[in-house]
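Each remark here refers to the structure printed beneath this line.
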Amino acid sequence: MYEPSLGEQFDSWERQSDTLRFGMWLFLASELLLFSGFFVLYAGYRAEYGPDFVQALHSNTLAYGTANMYVLLTSSFTVALAVWEIRRGASRRAALWLGVSALLGVGFLGIKAAEYAVHIREGALPGPYYHFHEAATLGGNRFYTLYWVTTGAHAIHVTGGIAVLLWTALHALRGRYTPRDHARFENATLYWHFVDVMWIFIWPIFYLA
Amino acid sequence: MTLPAFKQPTAEAYDQAAEPMPSYLLAQTGFSSWLNTRDHKRIGVMFYVAVLVSLMLGGVFALLFRLELLTPSRTIMDAVTYNRLFTWHGIVMVWLFLIPSIPNIFGNFILPIQIGARDLAFPKLNLASFYVYLLGAAIVLTGLMLGGTDTGWTFYTPYSESTPTTLFPVVFGVFVLGISSIFTGLNFIATVHMLRAQGLHWNRLPLFVWSIYATSIILVLATPVLGLSVILVGIDHVFHLGLFDPNVGGDPVLFQHLFWFYSHPAVYIMILPAMGVISEIVPSFAHRSPASYNAIALSSLGIAFIGFLTWGHHMFVAGISTLDAGIFGILSMFVAIFSAVKVFTWTATLYQGEIVFSTPLLYFFGFLFLFIFGGMTGVAVATQSLDVHWHDTYFVVAHFHFVMVGGSVTSFLAAAHYWFPKMFGRMYSERVGLLSATAVFIGFVLTFLPQFLLGNAGMPRRYYSYPPEYQWLHVLATGGAFLLGGSVILALGNLLVSLRYGPPAGRNPWDSRSFEWLTESPPPAHNFEQPPQLDRGAYDYQLTDEEAYVRTFPR
Chain A
18 MYEPSLGEQF
28 DSWERQSDTL
38 RFGMWLFLAS
48 ELLLFSGFFV
58 LYAGYRAEYG
68 PDFVQALHSN
78 TLAYGTANMY
88 VLLTSSFTVA
98 LAVWEIRRGA
108 SRRAALWLGV
118 SALLGVGFLG
128 IKAAEYAVHI
138 REGALPGPYY
148 HFHEAATLGG
158 NRFYTLYWVT
168 TGAHAIHVTG
178 GIAVLLWTAL
188 HALRGRYTPR
198 DHARFENATL
208 YWHFVDVMWI
218 FIWPIFYLA
Chain B
121 MTLPAFKQPT
131 AEAYDQAAEP
141 MPSYLLAQTG
151 FSSWLNTRDH
161 KRIGVMFYVA
171 VLVSLMLGGV
181 FALLFRLELL
191 TPSRTIMDAV
201 TYNRLFTWHG
211 IVMVWLFLIP
221 SIPNIFGNFI
231 LPIQIGARDL
241 AFPKLNLASF
251 YVYLLGAAIV
261 LTGLMLGGTD
271 TGWTFYTPYS
281 ESTPTTLFPV
291 VFGVFVLGIS
301 SIFTGLNFIA
311 TVHMLRAQGL
321 HWNRLPLFVW
331 SIYATSIILV
341 LATPVLGLSV
351 ILVGIDHVFH
361 LGLFDPNVGG
371 DPVLFQHLFW
381 FYSHPAVYIM
391 ILPAMGVISE
401 IVPSFAHRSP
411 ASYNAIALSS
421 LGIAFIGFLT
431 WGHHMFVAGI
441 STLDAGIFGI
451 LSMFVAIFSA
461 VKVFTWTATL
471 YQGEIVFSTP
481 LLYFFGFLFL
491 FIFGGMTGVA
501 VATQSLDVHW
511 HDTYFVVAHF
521 HFVMVGGSVT
531 SFLAAAHYWF
541 PKMFGRMYSE
551 RVGLLSATAV
561 FIGFVLTFLP
571 QFLLGNAGMP
581 RRYYSYPPEY
591 QWLHVLATGG
601 AFLLGGSVIL
611 ALGNLLVSLR
621 YGPPAGRNPW
631 DSRSFEWLTE
641 SPPPAHNFEQ
651 PPQLDRGAYD
661 YQLTDEEAYV
671 RTFPR
């Protein structure tokens, strides 16, 4: 049986939980700045190639991006349910909801892969490999280069998030989280929410307008 | 193989312990007890070793290319090797030495003790930070040596995307080092927020903690952007996506924006901890509370904040508008105001103090001169009209070495002496310490003062050959560099010898009121036998010894 332990540097469980949560928010702030780099690149190139970007954007398949947004938003709801369950002490149900969320994450990656396959077929590839006829401009090339880099980085984060969710679900099944001590569990779900929120920003700039 | 877990003593165990606890150096023995440690002090010491190796390596590269610059044309190496050496020097010194130096060694060791904590908030993350640092350093060094990278430490596009030398491993290693920085910064912020001793309010926080806190904010928020931009350059170099390549519509200036958005704040990652060290040393050796505690604490935060808004001053000649350049110039000058606030406060602290003249204080005087010189020339290069003349010349090289070496390395050595008794429980030779501090100062001035003259006369940085009329200044600089290198070795050698042969230091050899001197030297495994309850500030020199003690450990 697993015995939860209070870190020797902490005076109380509350302090330990607060510190873990605080640390996670700091990490997310750091991650946010990482993604902000992509958004800055997008803004810079969109300012330079406005009309080309709009043309390229409309050649992108909205359905894939939107479907993926619904998938991720649903998964955010299911991780929220998981937190609700762990706070009540229902570890098995919490693990189940995490499993569902991870599955939705896999679904996201599947849809993304199908979409990438379309891009590859059409030649909407980054940089020198670009030969997409619907947006055969320098700006179109920039757009799809950024698209690949940004969504690629996001997909890596989704993959990492799935791994974290599954790991946490496994620990939940082993009864490692209690209503008093589940900050690590909540941190895993916070990370998943972050990945989701990033897509809410990536979706409009590459699919909507 | 799994190693037996170390059973951590609880807080109650401290109170019950009648015998003095063994120091952190003796609490556990054996090599693996170091490699698996969660103790912030041991991790600090391991960083100490790694960072000093980096310093030596970066120093050797510098001495080699300074030798080459003795004569106007070829001296000992060809131009290709020369390009590589200044690149290696820059990358090793910036990412392997300067950025981790004071925060990861002294921040790690001293910060938790100064706030009365038993450890950092996330001890495992702290150990991970060390191993990630080692991994990053290994990748960077392998890439540099085997691939012969020659882009300069700034990886400017478009050259960095087309250089025939290896780039990806180096930028990937820098990315990995960034992860280590983020772990450490995050850990420090969480620790300062959550683990302060009872009674240690924010307005009593030691000034070193304030500066490390400000540094950590930069580490957490700026490092990811650097990681992203250099890794994109690396990807571009391998796959030719042309993210920053004008041939396919990319914009090289955009790289400069992203790069300096981190790398300018990174300059404050290097100098803020140095200012923190100085802010501890001055009150300790003047035996007087700082002339204004708030001025020093708040100006650290001011520098961290304004540091995010000044990156454009690296790009005055890169094609940004004169309006932008003017705005960035003015914002940059704010840094000088905050720095001047500190300089005046330190100086005013000395006034009417009971000054004990020792090695750390001598380093402070060197620091003061060099930092003011570097800072004032910083204001000069923040002025567009002047910068157009000095841009990419030795003037800029001299300016940032005055701040980075004159400021940060001097403070690094000051900290190494100041906290040596606390870290290892022994005293160093004061005589050799004073001698080496003087020699560091002279060597430094000899190396970099001529470079101001060179730059102003038009000598561009990073050039392999030069007109013969510049030679005498280059000879001075090379001579100075060897003196500087030798005196750093002397300073560190003094400490190394004292590790073994120095007389025991006792708890508080400097008669300081700062909290790290309350515990044993070297401190026990969890810092305090009895957690302090503070009813005074870290610089309350107006109290008698008796009062100061009672307000720390009430009975």
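Chains A and B, in that order, give the protein sequences.
Per my numbering, residue 18 is the first one in the first sequence, and the count goes up by one each step.
Per my numbering, residue 121 is the first one in the second sequence, and the count goes up by one each step.
For each residue, glycine too, the CB sits at the ideal point set by N, CA and C.
Within the same chain, and ignoring the five residues on either side of Asn614(B) in sequence, the residues whose Cβ sits closer than 8 Å to its Cβ are Tyr548, Ser549, Val552, Gly553 and Ser556.
The beta-carbon of Leu421(B) is placed no less than 9 Å from the nearest beta-carbon of chain A. Under a 10 Å Cβ-count criterion, Glu102(A) is classified as buried, with 16 or more other Cβ atoms of the shown protein chains found around its own Cβ. Any Cβ of chain A closer than 9 Å to the Cβ of Asp507(B) would place that residue at the interface, and such an atom is absent. A direct Cα-to-Cα measurement between Leu23(A) and Phe250(B) gives close to 23 Å.
Across the structure, Arg104(A) and Ala186(A) are spaced so that their CA atoms are roughly 14 Å apart. For Tyr133(A), no CB of chain B lies under 9 Å from its own CB, so it is not counted at the interface with that chain.
Boundaries of the alpha helix (DSSP H) around Asn414(B): Tyr413 to Ile426.
No residue range can be given for Tyr590(B), since it is assigned to no alpha helix (DSSP H) and is classified by DSSP as neither H nor E. Within chain A, Gly24, Glu25 and Gln26 have C-beta atoms less than 9 Å from the C-beta of Pro243(B), given in sequence order. Asp444(B) is classed as exposed because its beta carbon has fewer than 16 other beta carbons within 10 Å across all chains shown. Excluding the 5 residues flanking it on each side, Trp539(B) has same chain C-beta neighbours closer than 8 Å at Phe226, Phe229, Ile230 and Glu636, in chain order. Interface residue (Cβ-Cβ distance to chain A less than 9 Å): Ile332(B) is not classified as such. Rounded to the nearest whole angstrom, the CA to CA distance from Pro642(B) to Tyr661(B) is 24 Å. Taking a cut-off of 8 Å for Cβ pairs, the segment 207-216 of chain B and the segment 170-186 of chain B touch, as three or more such pairs fall below it. Sorting His433(B), Leu325(B) and Leu175(B) by C-alpha distance to the C-alpha of Ala417(B) places Leu325(B) at the top. Straight through space, the alpha carbons of Ile179(A) and Ala189(A) are spaced by roughly 15 Å. Within the model, the alpha-carbon separation for Tyr66(A) versus Gly156(A) is close to 5 Å.
Gln504(B) and Asp213(A) have their C-alpha atoms some 44 Å from each other.
If you check the CB distance, Ile398(B) and Phe295(B) do not come in under 9 Å. Between Thr274(B) and Ser441(B), the C-beta gap is not smaller than 9 Å, which leaves the two residues out of contact. Taking a Cβ-Cβ threshold of 8 Å, the residues of chain A close to Phe359(B) are Pro143 and Gly144, in chain order. By the neighbour-count criterion, in which a residue is buried when 16 or more other Cβ atoms sit within 10 angstroms of its Cβ, Gly164(B) is buried. Put simply, the segment 323-338 of chain B does not touch the segment 141-157 of chain A. Fewer than three CB pairs are less than 8 Å apart.
Where Ala468(B) is concerned, the enclosing alpha helix (DSSP H) starts and stops at Thr442 to Leu470.
With respect to chain B, the C-beta atom of Ala46(A) has a partner C-beta closer than 9 Å. Phe308(B) has its alpha-carbon roughly 12 Å from the corresponding atom of Ala237(B). Contact between the segment 509-522 of chain B and the segment 447-457 of chain B is absent: fewer than 3 CB-CB pairs across the two stretches fall below 8 Å. Per the C-alpha coordinates, the member of Ser280(B), Leu297(B), Asp239(B) and Gly305(B) positioned closest to Ala258(B) is Leu297(B).
In the three-state reduction of the DSSP assignment, Thr78(A) falls in the coil class.
Scanning Ala424(B), Ala406(B) and Val565(B) for the CA closest to the CA of Ile391(B) turns up Ala424(B). Among the residues of the segment 175-208 of chain B, none has a Cβ less than 7 Å away from any Cβ of chain A.
By the neighbour-count definition (other C-beta atoms within 10 Å, threshold 16), Met265(B) is an exposed residue. Taking every protein chain shown into account, the CB of Arg197(A) has fewer than 16 other CB atoms within 10 angstroms, so this residue is exposed. By the Cβ test, the segment 342-353 of chain B is in contact with the segment 362-379 of chain B, since at least three Cβ pairs between them sit closer than 8 Å.
Residue pairing by DSSP places Thr513(B) opposite Pro580(B) in a beta bridge.
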